[in-house]
Structure formats: structure tokens, C-alpha cells
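Student: Shown below is the structure under consideration.
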Amino acid sequence: MIRVSCCFTAFLALSAARLGAQTVEVSATGGLGVAAGDEQTRTLVTGGGASLGLLPLARHGFRLDYFFGDASADDTRRHFLTGSYVLQQRDGKARPFLQIGAGLMRETTKAALPSPSGASNDFAAILGAGVTIDIGQALFIRPELRTYWYVGPAVAILPGLSAGWRF
228 MIRVSCCFTA FLALSAARLG AQTVEVSATG GLGVAAGDEQ TRTLVTGGGA
278 SLGLLPLARH GFRLDYFFGD ASADDTRRHF LTGSYVLQQR DGKARPFLQI
328 GAGLMRETTK AALPSPSGAS NDFAAILGAG VTIDIGQALF IRPELRTYWY
378 VGPAVAILPG LSAGWRF
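Okay, so the sequence shown: first residue is 228 according to the working numbering, each after it adds one.
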């Protein structure tokens, strides 16, 4: 999974170099939220991650996200690797956006549950919204709300803040 994401990230970066200035953005994310579902109790989740976005048309784009969530109450860690379509307002210093996507989730736990091996891989979906706020010509912050749906069924709701740089 890491090899696929590294190859895909390199492909995006090389593709974006041909599209012109400020079409690639790199950001780091941190957040605190809650996860709940049929097979898990409601628990506090802390997490962080990184994103690589390709916005060739300024309004429509693609974002590759990695997000790590730690549910300390049950010693469960979830790694999400998702690809998303991003629709963002074209102009202004503060531009609302919506993202929708899908990918993979890897869940690991110190306990023997939910699987005897202590790890499982499943499908995950993401729906997010927020506002990209330009701080300079290339620097931005992004308050956002991400929701991840995954097998269980379960959902993680994660408000967070991203900071990044546009190339």
C-alpha cells in the first residue's frame, strides 16, 4: 500500500509540473473527533496526516490523503489512504470546498479483536467540507470537517485544521 501511494504521489507531482504554477498543494492536517458504529462504542479519536492536491482547473481537483487516527479508549489505530474529487470556489482569499472520495483503511489493535491477527484492511469512503484561506501567495490554512465511513458499519467525524503550501 505504501509503494502504491509513493508511486501515485510521484506521478501526480510529475504531472503537475507540466500544468503550470500553483497547481500542486501539499498540506499537513491535525484533528480531534469521535468515532462510533455498530461494532464499536463511541470513542475519542486524535489524528493527523498529509495531503497532496492537484488543482489544474482551480475549481475542480484531485486530492490524495493519508490520515492516521488513534482511538485511545480501545487501543485501535486506523490508517486511511483515500483519493478524492475536490470542488472548490474559484476566486477569493477564502474559498469553500467539498470533497468526496474512497480508498483503503487499515485497522490495527493491540488487543486480539476485531480479528485474531490484530489487523484488518477494508474499504473506506470520505466526505469532507471546509474553507481554504490564503495567507500569502502560496501559504494557506484549511479548517475542515472530514467524515470517514468504513466497514462495521462505522463513521469517524473529525474536525481539523490543515496548513499547506501551493506550488
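All residues carry an ideal CB built from backbone N, CA and C; glycine is no exception. These figures come from a predicted structure and were not determined experimentally.
1. Drop a sphere of 10 angstroms on the beta-carbon of A244, count the other beta-carbons inside from all chains shown, and report buried for 16 or more, exposed for fewer.
2. Where A298 and T273 are concerned, what is the direct C-alpha to C-alpha distance, given to the nearest angstrom?
3. Identify the residues that DSSP records as bridge partners of G355: which are they?
4. Return the chain-ordered list of same chain residues with a C-beta closer than 6 Å to the C-beta of P323, the five sequence neighbours on each side being excluded.
5. DSSP three-state call for A248: helix, strand or coil?
6. Measuring CA to CA, which of G319, R269, A352 and K320 is closest to G309?
7. Could you tell me which of W376, K320, N348 and R333 sits nearest to I368, measuring between CA atoms?
8. What's the gap between the Cα of R333 and the Cα of G379?
9. Please report how far the alpha carbon of A282 lies from the alpha carbon of G387, in whole angstroms.
10. So what's A285 in DSSP terms, helix, strand or just coil?
11. Any idea what DSSP makes of A365, helix, strand or coil?
12. In the DSSP assignment, find the beta strand (DSSP E) that holds F394 and state where it starts and stops.
13. Below 6 Å CB to CB, which residues in the same chain sit around L331 once its five sequence neighbours on both sides are set aside?
14. Give the C-beta separation of A383 and G275 to the nearest angstrom, bearing in mind that I take them to be a contact with Cβ-Cβ under 8 Å.
15. Thinking C-alpha only, which one of I360, R304, A356 and G258 is nearest D318?
16. Measuring alpha carbon to alpha carbon, tell me which of I362, G363, L271 and Y293 ends up nearest T279.
Tutor: According to the data block:
1. Only weak support is given to the placement of A244: the predicted model assigns it a pLDDT of 48, under 50, and the value that follows is read from those uncertain coordinates. A244 should be labelled exposed.
2. In a straight line, the C-alpha of A298 is about 7 Å away from that of T273.
3. Paired residues: Q326 and R373.
4. So the list reads Q316 and V358, once near-sequence residues are dropped.
5. Below a pLDDT of 50, predicted positions are generally treated as unreliable, and A248, at 47, falls in that range; no measurement from the model is reported.
6. The displayed chain sequence assigns Thr, not Gly, to residue 309. Nearest to T309 by alpha-carbon distance, out of G319, R269, A352 and K320, is A352.
7. Closest by alpha carbon: K320.
8. R333 and G379 have their C-alpha atoms roughly 13 Å apart.
9. The sequence given here has Leu at residue 282, not Ala. Cα to Cα, L282 sits roughly 21 Å from G387.
10. In the three-state scheme derived from DSSP, where H, G and I count as helix and E and B as strand, A285 is classed as coil.
11. For A365, the secondary structure class from DSSP, reduced to helix, strand or coil, is coil.
12. Where F394 is concerned, there is no enclosing beta strand (DSSP E), given that its DSSP letter is neither H nor E.
13. Apart from sequence neighbours up to five positions away, the residues of its chain that approach L331 with a beta-carbon distance below 6 Å are L308, ordered along the chain.
14. Contact between A383 and G275 does not hold, since their C-beta atoms are separated by about 13 Å, which reaches or exceeds 8 Å.
15. When only C-alpha atoms are compared, the closest one is I360.
16. Note that residue 279 is Leu in the sequence shown here, rather than Thr. With respect to the C-alpha of L279, the residue from I362, G363, L271 and Y293 having the closest C-alpha is Y293.
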